[in-house]
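Asks:
Protein chains in written order, with my numbering: chain S, 63 to 639; chain V, 63 to 639.
1) From what residue to what residue does the alpha helix (DSSP H) around residue 407 of chain V run?
2) Nearest to residue 406 of chain S by alpha carbon, out of S:419, S:88, S:523?
3) Output the boundary residues of the beta strand (DSSP E) element that contains residue 170 of chain S.
4) Using 10 angstroms around the beta-carbon of residue 165 of chain V, count the other beta-carbons present and answer buried if the total reaches 16, otherwise exposed.
5) Under 8 Å by Cβ, that's how I've got residue 227 of chain V and residue 263 of chain V pegged, so tell me the actual separation to the nearest angstrom.
6) Between residue 487 of chain S and chain V, is the shortest Cβ-Cβ distance under 8 Å, so that the two count as touching?
7) Pick helix, strand or coil for residue 390 of chain S, following the three-state DSSP scheme.
8) Does any CB atom of chain V fall closer than 8 Å to the CB of residue 414 of chain S?
9) Are the C-beta atoms of residue 618 of chain S and some chain V residue less than 8 Å apart?
10) Does the Cβ-Cβ distance between residue 620 of chain V and residue 497 of chain V come in under 8 Å?
11) Taking the alpha-carbon of residue 68 of chain V as reference, which of V:114, V:609, V:400, V:169 has the nearest alpha-carbon?
12) Mind checking if residue 452 of chain V is an interface residue toward chain S, Cβ cutoff 8 Å exclusive?
13) Quick one: list the residues of chain V neighbouring residue 111 of chain S, beta-carbon separation under 9 Å, in chain order.
14) Please report the distance separating the alpha-carbon of residue 484 of chain S from that of residue 305 of chain S.
15) Measuring CB to CB, does residue 431 of chain S end up less than 8 Å from residue 310 of chain S?
16) Distance cutoff 8 Å, beta carbons only. Does residue 329 of chain S sit that close to anything in chain V?
17) Out of S:500, S:502, S:503, S:532, point me to the one whose CA is closest to residue 513 of chain S's CA.
18) Compare the C-beta of residue 614 of chain S against all C-beta atoms of chain V and say whether one is closer than 8 Å.
19) Could one say the Cβ of residue 456 of chain V lies closer than 8 Å to chain S's Cβ atoms, at least one of them?
20) Just reading off the alpha helix (DSSP H) that residue 207 of chain S is part of, what are its end residues?
21) Would residue 493 of chain S and residue 541 of chain S qualify as a contact pair, given that the criterion is a beta-carbon distance under 8 Å?
22) What does residue 601 of chain S touch in chain V if you count any residue whose Cβ is under 9 Å from its own?
23) Does residue 428 of chain S have its Cβ less than 8 Å from a Cβ in chain V?
24) If you check the beta carbons only, do residue 592 of chain S and residue 476 of chain S fall under 8 Å apart?
25) Using only alpha-carbon positions, find the residue among V:103, V:145, V:291, V:442 that is nearest to residue 231 of chain V.
26) At the level of alpha carbons, what is the spacing between residue 136 of chain S and residue 366 of chain S?
27) If you count every other CB in all the chains shown that lies within 10 Å of the CB of residue 639 of chain S, and 16 or more means buried, which is it?
28) Figure out for me which residue from S:626, S:530, S:239 has the closest Cα to the Cα of residue 359 of chain S.
29) Give a yes or no on whether 8 Å exceeds the smallest Cβ distance from residue 353 of chain S to chain V.
30) So does residue 467 of chain S have its beta carbon nearer than 7 Å to some heavy atom of the ligand SAM?
31) With a cut-off of 8 Å, does the C-beta of residue 630 of chain S fall near any C-beta of chain V?
32) For residue 450 of chain S, collect the residues of the same chain with a Cβ closer than 6 Å to its Cβ; drop the 5 residues on either side in sequence, then sort them by chain order.
33) So, are the CB atoms of residue 287 of chain S and residue 129 of chain S less than 8 Å apart?
34) In terms of residue numbering, what span does the beta strand (DSSP E) encompassing residue 237 of chain S cover?
35) When you compare only the Cα positions, how much space is there between residue 539 of chain S and residue 393 of chain S?
36) Would you kindly work out how many angstroms separate the C-alpha atoms of residue 447 of chain V and residue 270 of chain S, rounded to a whole number?
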């Protein structure tokens with residue numbers, strides 16, 4: 063983890079990889095490292111798809127160690143979707159393996175020459191980069207079919223599908239899972255388009271022979287690791303809810319709370335919720351011979367994922383996440399899990415963020431392009447996106463652009479990025495996060511749903527404005543720090559509720575790096591990352607006017623609670639004021 | 063001019079018109095009035111197509127008087143294209159007639175109920191508003207065919223074509239000319255979509271029996287009026303160049319200067335320039351039985367327009383302006399005046415801004431949607447826009463959105479609005495105006511081309527950064543004042559060069575209103591308007607980062623002078639600093 067692999071895509075004769083020392087970026091990982099590099103090296107007025115932007119791919123501080131749950135990988139750049147700084151992160155195998163190969167980050171930079179597409183191969187023996195005409199317009203699963211034999215289930219692939227290649231504002235960087243499938247995605251903000259703009263289609267990681275990473279204090283690390291696992295296993299969310307039903311355990315919960323955005327955020331409850339709930343989904347998966355409890359990377363003990371198979375028992379996709387089930391389900395008025403799974407598969411295949419895609423289809427439905435509830439129409443729309451027809455290009459450009467093109471006010475976006483699966487009028491804490499996160503509307507940036515609805519880390523009434531700004535602020539700071547560690551964000555449920563589990567995480571870092579972090583130090587670390595991000599955004603032209611929800615959330619009440627978003631501008635500005 | 067006609071489109075039973083006193087807005091006209099009302103009454107975070115936006119239509123301070131050239135009308139709102147404040151102005155008959163009927167402005171406001179489209183009829187006897195299903199999806203010329211018998215050539219129609227009805231970012235408000243044709247357009251910024259969002263398709267003005275406006279001091283007004291006309295007639299631009307060749311006299315001039323943006327701003331000279339020049343155009347028009355010297359409204363003595371007929375002598379469109387000839391010609395690599403005239407006709411018919419449309423097609427050509435130089439393809443693309451196909455909707459959303467949808471960096475836009483017909487690298491003064499005008503890239507907001515190239519109002523080297531900020535600043539202030547008077551901007555050539563003609567304009571205002579304005583007062587008046595606009599934009603989230611050209615203008619040199627845009631950020635910020 064002492065090396066940053068810089069790939070200059072503008073080098074004479076084709077992209078050239080140069081290992082460079084981590085230097086001043088030492089001690090940063092994951093989101094901390096991606097945001098530091100982007101804020102330091104990318105001019106704030108760079109075009110996201112132009113030569114001055116960079117794509118930074120970074121494992122976390124604890125990735126590649128023996129610590130459980132440390133498999134997240136961060137992908138950062140100036141976002142084609144928001145125009146601000148972006149860190150999107152994903153699970154899968156790549157984070158662990160890159161870390162074990164000694165890379166703190168891969169940076170794709172420079173001005174692409176010509177329009178060849180390249181495949182990068184990384185192993186303990188070094189890096190090769192080859193132009194490969196056969197990958198043009200390949201989908202992620204096609205890339206898997208082509209390269210799985212090479213990267214192997216013990217390795218990993220980082221790739222873009224057709225969406226990234228076509229430069230879409232909605233385009234992911236995919237990361238393969240334990241089966242070598244491209245089911246994990248750095249989804250938000252169009253990071254795939256930046257990879258595509260650099261002409262890099264896939265990065266194949268062969269980790270054979272890579273050394274595992276050694277802590278500074280092995281004994282302390284081992285002890286912390288044990289406490290860490292025990293803490294995660296004893297918390298009801300990480301030890302029971304997520305393993306049993308995955309993230310989709312939330313459909314019934316959020317619907318019950320009246321905060322499940324339905325038909326493009328027109329109402330807060332969906333009459334078809336029970337048909338697409340996690341409970342129904344798990345039952346269906348198991349009955350068909352799939353699986354409802356599975357991990358996305360080695361070292362995961364929460365096992366929130368699963369395998370969705372069709373009625374003939376054939377693999378369709380990984381278990382769709384709550385956000386996906388919401389986006390393609392309730393938000394489009396669709397109550398059919400098979401349709402949702404097919405959409406999830408298409409999204410993964412083309413390299414599309416399911417949240418943005420579902421939100422976009424809902425806007426298109428409001429515009430009359432298709433009818434709410436029409437699952438086959440939704441599938442056809444996503445296929446258009448994959449094909450790159452004019453309609454597909456509109457939808458692939460994201461929710462805000464689609465609304466603009468169809469002249470629709472109801473674009474549920476902040477900073478150009480679509481809101482996820484919680485209506486901010488009924489879950490006001492998450493509304494504060496949507497509004498103020500440097501990332502645009504993003505639930506993972508400060509998951510106030512935990513405290514508003516799940517009563518984890520305290521209890522703040524979701525329907526009242528009071529206390530939401532403070533809640534969101536603290537969560538955003540903590541999350542930025544967690545996103546630097548490479549730890550899956552779901553550990554936060556246990557960390558927020560159990561002081562000893564929080565301490566175990568701090569101990570892991572201290573034992574590994576020989577640091578003396580305490581709680582205040584963790585907060586300072588998170589705040590430093592946010593400061594990088596806010597500074598970049600400010601230089602890119604963002605102001606407090608961008609830290610707002612669209613006006614209609616303040617004007618149009620949401621059923622069943624008939625609430626508007628009434629957190630004041632002053633409170634929103636207090637988050638980072 | 064003491065009355066503001068407010069039309070509440072959300073009233074029970076359909077839109078309701080209420081004449082209200084001009085009140086605190088007294089003394090403001092044209093752009094001064096539209097910007098004051100928008101800045102005061104529209105929340106800066108309103109959605110441009112939402113219920114809180116307003117469309118303000120205002121004649122100028124001198125409109126409807128006997129003063130020559132006073133026929134401009136301003137249309138203001140929060141812009142769907144830029145997200146900032148917008149004033150777009152046009153010639154034609156409506157400004158004079160509304161003023162004579164006593165209206166300082168028409169304000170369309172409120173939340174549209176249902177989706178009926180309405181026609182407003184205004185005469186000395188009052189206002190009627192009627193739902194009219196037959197106007198749905200009517201083009202501007204179809205509206206003319208339908209209503210010309212009613213509004214008559216002595217009256218006027220203010221209308222939206224299909225573009226405004228469909229909510230496009232590129233959509234105009236059309237104003238009829240002396241022949242009753244919809245050839246004059248408040249073109250920029252998508253003002254037509256705001257009119258469409260209010261459900262008003264057309265406003266028919268019957269000015270029969272309207273009183274002409276009486277000055278406070280008739281004798282002084284008459285004297286000033288005489289000096290005014292003499293001044294305009296003796297200046298070579300307003301007395302000779304514009305009458306003979308219209309605005310298209312500029313094609314050869316700007317091409318010679320190396321500042322004619324060609325093929326999406328890739329180079330500064332077009333090999334086909336002479337084939338589309340004003341000289342060639344005038345010759346063709348006259349040879350075919352059209353006209354090269356004609357006015358757009360009664361009281362015009364510059365007569366910069368004309369009539370373009372086809373080879374059979376049949377009317378196609380008014381004489382295409384330089385900006386149109388450039389946008390659809392050089393910028394798309396098209397050197398055929400008949401193609402350009404057909405495109406101009408289609409733009410007027412659908413209600414599309416020719417600058418934005420041509421810039422958009424060039425971006426689409428760079429994206430591979432059509433080939434540069436293919437005139438028939440360009441015509442087909444504009445027809446798609448009129449039909450509202452997905453491709454048409456992309457293009458109708460404007461240049462910046464089209465570039466975004468196709469993943470193209472080369473979007474020659476500021477604040478989301480496409481640059482007009484002067485490359486800012488070779489005419490740096492206009493580059494400062496593009497960057498800093500509250501309107502987005504707009505040549506009319508501070509026409510530094512006059513001083514950079516035509517040597518009117520001084521001489522500032524177009525290729526050097528020095529002096530451009532000061533030049534643009536002074537011109538922007540003067541222009542804001544002129545835009546409030548209702549005077550055609552072309553009077554500025556004479557006003558800038560001839561102190562007595564400037565004084566004649568001031569005398570007209572003083573004699574009419576009983577004021578004691580001097581030069582400093584005129585500047586203060588212009589500055590006040592800009593302050594309204596800058597304040598609105600700031601509240602809408604604009605910062606100095608928005609007062610910049612796209613980065614590639616600073617990176618990619620323009621042939622033949624091989625210059626980049628090198629006016630510093632500090633100089634740009636000094637314009638309004």
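Quick reminder that beta carbons are idealized off the backbone N, C-alpha and C, glycines included.
Replies: To lay it out plainly:
1) One-based indexing of the second chain puts residue 407 of chain V at position 345. Counting along the chain, the alpha helix (DSSP H) containing residue 407 of chain V begins and ends at 399–412.
2) To locate residue 406 of chain S, count along the first chain from 1; it is residue 344. The option with the nearest alpha carbon to residue 406 of chain S is S:419.
3) As a first step, residue 170 of chain S must be located in the first chain, where it is residue number 108. Counting along the chain, the beta strand (DSSP E) containing residue 170 of chain S begins and ends at 165–171.
4) Along the second chain, read from residue 1 onward, the residue named residue 165 of chain V stands at position 103. Sixteen is the threshold: when 16 or more other Cβ atoms of the shown chains lie within 10 Å of the Cβ of residue 165 of chain V, as they do, the residue is buried.
5) The count along the second chain starts at 1 and reaches residue 227 of chain V at position 165. The count along the second chain starts at 1 and reaches residue 263 of chain V at position 201. About 7 Å; that satisfies the 8 Å criterion.
6) Translated into positions along the first chain, residue 487 of chain S becomes position 425. Judged by the 8 Å Cβ criterion, residue 487 of chain S is not in contact with chain V.
7) If you number the first chain from 1, residue 390 of chain S lands on position 328. Three-state result, residue 390 of chain S: helix.
8) Position 352 of the first chain, counted from the first residue, corresponds to residue 414 of chain S. It does not; no Cβ of chain V falls within 8 Å.
9) On the first chain, residue 618 of chain S is found 556 positions in, with the first residue counted as 1. No, residue 618 of chain S lies away from the interface with chain V (no Cβ there is under 8 Å from its Cβ).
10) In the second chain, residue 620 of chain V corresponds to position 558, counting from 1. In the second chain, residue 497 of chain V corresponds to position 435, counting from 1. No; because the gap between Cβ atoms is not below 8 Å, this pair is not in contact.
11) Locating residue 68 of chain V in the second chain gives position 6, where the first residue counts as 1. Checking every option, the nearest Cα to that of residue 68 of chain V belongs to V:169.
12) For the purposes of this step, residue 452 of chain V is taken as residue 390 along the second chain, with counting starting at 1. Chain S has a Cβ within less than 8 Å of the Cβ of residue 452 of chain V.
13) Translated into the one-based positions of the first chain, residue 111 of chain S becomes position 49. In chain order: 469, 470, 471.
14) Against the first chain, residue 484 of chain S aligns to sequence position 422. Against the first chain, residue 305 of chain S aligns to sequence position 243. Approximately 22 Å between the Cα atoms of the pair.
15) The residue given as residue 431 of chain S occupies position 369 in the first chain. The residue given as residue 310 of chain S occupies position 248 in the first chain. No.
16) Walking along the first chain from the start, residue 329 of chain S turns up at place 267. Not one chain V Cβ lies under 8 Å of residue 329 of chain S.
17) Numbered from 1 along the first chain, position 451 holds the residue referred to as residue 513 of chain S. Nearest option by C-alpha distance: S:532.
18) Residue numbering aside, residue 614 of chain S sits at position 552 when the first chain is read from its first letter. Yes, residue 614 of chain S counts as interfacial toward chain V.
19) Here residue 456 of chain V refers to the residue found at position 394 of the second chain. Yes - at least one Cβ of chain S is within 8 Å of the one on residue 456 of chain V.
20) Here residue 207 of chain S is taken as the residue at index 145 of the first chain, counted from 1. Note, residue 207 of chain S: alpha helix (DSSP H), 202–213.
21) Along the first chain, read from residue 1 onward, the residue named residue 493 of chain S stands at position 431. Along the first chain, read from residue 1 onward, the residue named residue 541 of chain S stands at position 479. The answer is no: Cβ separation not under 8 Å.
22) Here residue 601 of chain S is taken as the residue at index 539 of the first chain, counted from 1. The answer, in chain order, is 607.
23) What you label residue 428 of chain S is simply residue 366 of the first chain in a count that begins at 1. No, residue 428 of chain S does not count as interfacial toward chain V.
24) Position 530 of the first chain, counted from the first residue, corresponds to residue 592 of chain S. Position 414 of the first chain, counted from the first residue, corresponds to residue 476 of chain S. For residue 592 of chain S and residue 476 of chain S, no; Cβs fall outside 8 Å.
25) Position 169 of the second chain, counting from 1, holds the residue named residue 231 of chain V. Comparing Cα positions, the closest option is V:145.
26) Mapped onto the first chain, residue 136 of chain S falls at position 74. Mapped onto the first chain, residue 366 of chain S falls at position 304. Straight-line Cα distance between these residues: approximately 20 Å.
27) Within the first chain, residue 639 of chain S is the residue found at index 577, counting from 1. Residue 639 of chain S should be labelled exposed.
28) The count along the first chain starts at 1 and reaches residue 359 of chain S at position 297. Nearest Cα to residue 359 of chain S within the set S:626, S:530, S:239: S:239.
29) In the first chain, counting from the first residue as 1, residue 353 of chain S sits at position 291. Chain V, which has no Cβ nearer than 8 Å to the Cβ of residue 353 of chain S, makes this no.
30) Absent from the structure shown: the ligand SAM. Ligands present: none.
31) For the purposes of this step, residue 630 of chain S is identified with residue 568 of the first chain, where counting begins at 1. By this cut-off, residue 630 of chain S is not an interface position.
32) The sequence position of residue 450 of chain S within the first chain is 388, counting from 1. The residues are 228.
33) Counted from its first residue, the first chain places residue 287 of chain S at position 225. Counted from its first residue, the first chain places residue 129 of chain S at position 67. Cβ atoms of residue 287 of chain S and residue 129 of chain S: closer than 8 Å.
34) Locating residue 237 of chain S in the first chain gives position 175, where the first residue counts as 1. Counting along the chain, the beta strand (DSSP E) containing residue 237 of chain S begins and ends at 235–237.
35) One-based indexing of the first chain puts residue 539 of chain S at position 477. One-based indexing of the first chain puts residue 393 of chain S at position 331. In a straight line, the C-alpha of residue 539 of chain S is about 30 Å away from that of residue 393 of chain S.
36) Position 385 of the second chain, counting from 1, holds the residue named residue 447 of chain V. Position 208 of the first chain, counting from 1, holds the residue named residue 270 of chain S. Whole-angstrom Cα-Cα distance: 55 Å.
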